[in-house]
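Structure representation (structure tokens):
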């Protein structure tokens with residue numbers, strides 16, 4: 060732990076950064092522009108959400124950053140198009156800049172409009188450069204060779220398949236984005252190539268060009284960040300989109316029969332179905348390729364849903380809710396075992412969620428696994444038929460549920476988590492930080508401590524049993540302290556949403572500071588909360604941009620707290636569109652000085 064100094068950071072999605080001259084979305088140039096501002100603030104780490112490409116539909120559904128189409132390809136939507144070479148077609152450039160200016164003025168990030176604009180701009184830039192330079196065309200052709208060689212090769216990197224996928228999605232607009240087969244689609248592209256080879260080749264080359272430009276701009280931003288003495292924290296998604304290029308580069312390595320998600324918890328009382336796939340096991344070549352990409356940019360890495368490395372909440376791919384999943388790995392109950400437990404009566408067909416048929420109700424006792432056997436439904440006592448059982452059967456059902464979810468699988472989960480996380484630690488020099496919120500098995504914290512992986516602390520999501528809040532002064536040293544995450548309400552919104560709870564929080568932690576309670580979180584109260592986190596024992600204190608801004612009276616007076624929430628995990632159709640209200644170049648000097656002073660006073664500078 061001594062390798063990680065006591066530092067402060069700021070967490071912000073790249074799409075949320077606003078800079079002067081952007082095109083309606085935070086971009087690599089915005090990250091570069093933010094570096095000197097962050098240095099003046101006194102923070103040493105900038106934490107981002109995943110930056111990989113997610114553009115499957117071309118609309119707001121693609122704003123979800125945790126279902127990448129390739130784990131090694133940056134999203135072209137983050138390219139700073141105003142930094143491309145000037146277009147020879149000056150009229151077109153004027154039109155594009157006018158549209159970019161209009162999008163930049165919007166309060167939120169419009170994924171559909173921004174991508175449509177940037178694609179037009181990138182295509183125009185690519186076309187002019189390709190037509191003007193044979194060398195440029197030859198170089199791109201080498202990057203896009205898969206557009207004309209369609210057989211899979213073990214040595215083919217993930218992003219080459221990504222180039223082909225983006226080409227397919229462009230050339231086949233009638234393709235069913237929900238369910239399509241890559242190789243069947245490539246056959247259609249082959250036929251199209253016989254009719255219009257130039258279009259097919261140029262489309263493939265275009266996405267290779269996008270890949271190169273994104274890489275170049277991101278590398279420049281990272282170099283600027285390091286010149287200012289800062290580090291960058293990336294985010295490692297727990298899975299990939301079902302059609303991701305990773306599944307083509309490493310066929311058979313992903314479990315395509317099950318989606319992953321999370322059981323009911325603080326974030327979502329009905330559980331979550333993320334609609335993404337996870338790797339079956341530790342495939343060294345796959346992880347080496349991923350970390351080879353990540354190490355180009357990041358010094359720290361947030362491991363999303365680290366609990367999934369111990370056991371993954373798995374849900375059959377039939378559209379059912381996250382409530383009706385089960386853990387993998389975990390013990391299973393065969394019918395004879397259930398009968399031996401005295402619960403044969405609970406195995407009525409209407410009380411079982413089948414594995415291979417659509418499920419129309421959550422009011423069941425058992426979930427049938429795809430690999431045979433059953434597991435008890437989470438919180439089985441809340442299922443409607445539970446009241447129909449005798450007291451003895453109720454007690455037996457509760458006992459089975461308690462054993463499955465809270466103890467009976469601990470040894471298995473510890474072995475799996477230790478094996479997988481040790482494997483990752485041995486692959487990289489990046490500092491790993493765990494996102495360990497939710498339903499946490501007892502084995503998780505000892506494994507994280509053994510491997511030197513930082514835990515995550517949020518006061519309103521206590522790790523200790525039987526308390527409402529985890530007090531910042533008692534956070535463990537081997538941790539990251541934060542006031543909120545992108546998956547929950549920022550401080551000001553949380554304070555306003557639950558007045559009774561915020562009042563209890565005030566009484567527990569803030570009353571002795573001499574600042575009166577208010578139903579609205581005032582900058583004075585926000586400053587006390589932030590300072591408490593800065594003073595905590597945690598090695599790293601990384602707070603969301605919105606919670607740092609809560610210290611600004613001007614911000615609090617002009618910005619609606621509702622507009623600051625990044626994600627609502629209970630809503631699978633949530634659009635990720637938050638943008639900071641002013642450009643990074645316009646952040647007030649007095650606010651910057653205030654933060655730097657607090658950081659210095661708490662010995663984190």
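Residue numbers (my numbering): 60 to 664. Glycine included, C-beta positions come from ideal geometry on N, C-alpha and C.
query                                                                                                                             : result
Whole-number beta carbon distance between residue 291 and residue 356, since they are thought to touch under 8 Å                  : 6 Å
Where residue 79 sits in the DSSP three-state scheme                                                                              : coil
Cβ contact check for the region 126 to 140 and the region 381 to 388: 3 or more pairs under 8 Å                                   : no
Close-in-space but distant-in-sequence residues of the same chain around residue 610 (CB under 6 Å, 5 per side omitted)           : 582, 585, 586
Minimum C-alpha distance to residue 440 - residue among 454, 429, 430                                                             : 454
Rounded C-alpha distance that separates residue 530 from residue 312                                                              : 42 Å
Residue-level contact to chain D via CB, residue 540, 8 Å cutoff                                                                  : Here chain D cannot be found, since the structure has a single protein chain.
C-alpha distance - residue 287 paired with residue 651, whole-angstrom precision                                                  : 16 Å
Counted within 10 angstroms of its Cβ, other Cβ atoms place residue 330 as buried (16 or more) or exposed                         : buried
Secondary structure of residue 292, DSSP reduced to three states                                                                  : strand
Residues sharing a beta bridge with residue 67, DSSP                                                                              : 600
The beta strand (DSSP E) enclosing residue 541, as first and last residue numbers                                                 : 538 to 541
Under 8 Å between C-beta atoms of residue 99 and residue 68                                                                       : no
Buried/exposed call for residue 177, threshold 16 Cβ in 10 Å                                                                      : buried
Complete runs of the alpha helix (DSSP H) confined to the region 511 to 576 [at least 4 residues]                                 : 550 to 556, 558 to 564
Cβ pair count under 8 Å reaching 3, the region 589 to 597 against the region 540 to 560                                           : yes
Spatially closest choice to residue 604 from 628, 637, 580, by CA coordinates                                                     : 637
Cross-strand partners of residue 332 (DSSP beta bridge)                                                                           : 320
Beta-carbon proximity check, residue 183 vs residue 148, cutoff 8 Å                                                               : yes
Closest by C-alpha distance to residue 551, when choosing among 561, 580, 545, 572                                                : 580
Limits of the beta strand (DSSP E) - the one that residue 490 falls within                                                        : 490 to 493
Residue 413 (DSSP reduced to helix, strand or coil)                                                                               : coil
Continuous alpha helix (DSSP H) assignments of at least 4 residues falling wholly in the region 244 to 321                        : 256 to 286, 304 to 308
Contained beta strand (DSSP E) runs [length at least 3] in the region 431 to 492, N- to C-terminal order                          : 433 to 435
Candidates 406, 475, 352: closest to residue 273 by CA position                                                                   : 352
Chain-order list of residues whose beta-carbon lies under 8 Å from that of residue 643 (same chain, five-residue window excluded) : 76, 77, 78, 89, 92, 93, 96
Cβ contact (3+ pairs, closer than 8 Å) linking the region 462 to 474 and the region 409 to 425                                    : no
Cβ distance (whole Å) where residue 170 is taken to contact residue 118 below 8 Å                                                 : 7 Å
8 Å Cβ cutoff met for residue 308 and residue 227                                                                                 : no
Of the listed residues 614, 467, 412, nearest to residue 645 (C-alpha basis)                                                      : 614
Buried/exposed call for residue 558, threshold 16 Cβ in 10 Å                                                                      : exposed
C-alpha gap between residue 654 and residue 185, whole angstroms                                                                  : 43 Å
N- and C-terminal bounds of the beta strand (DSSP E) containing residue 386                                                       : 385 to 387
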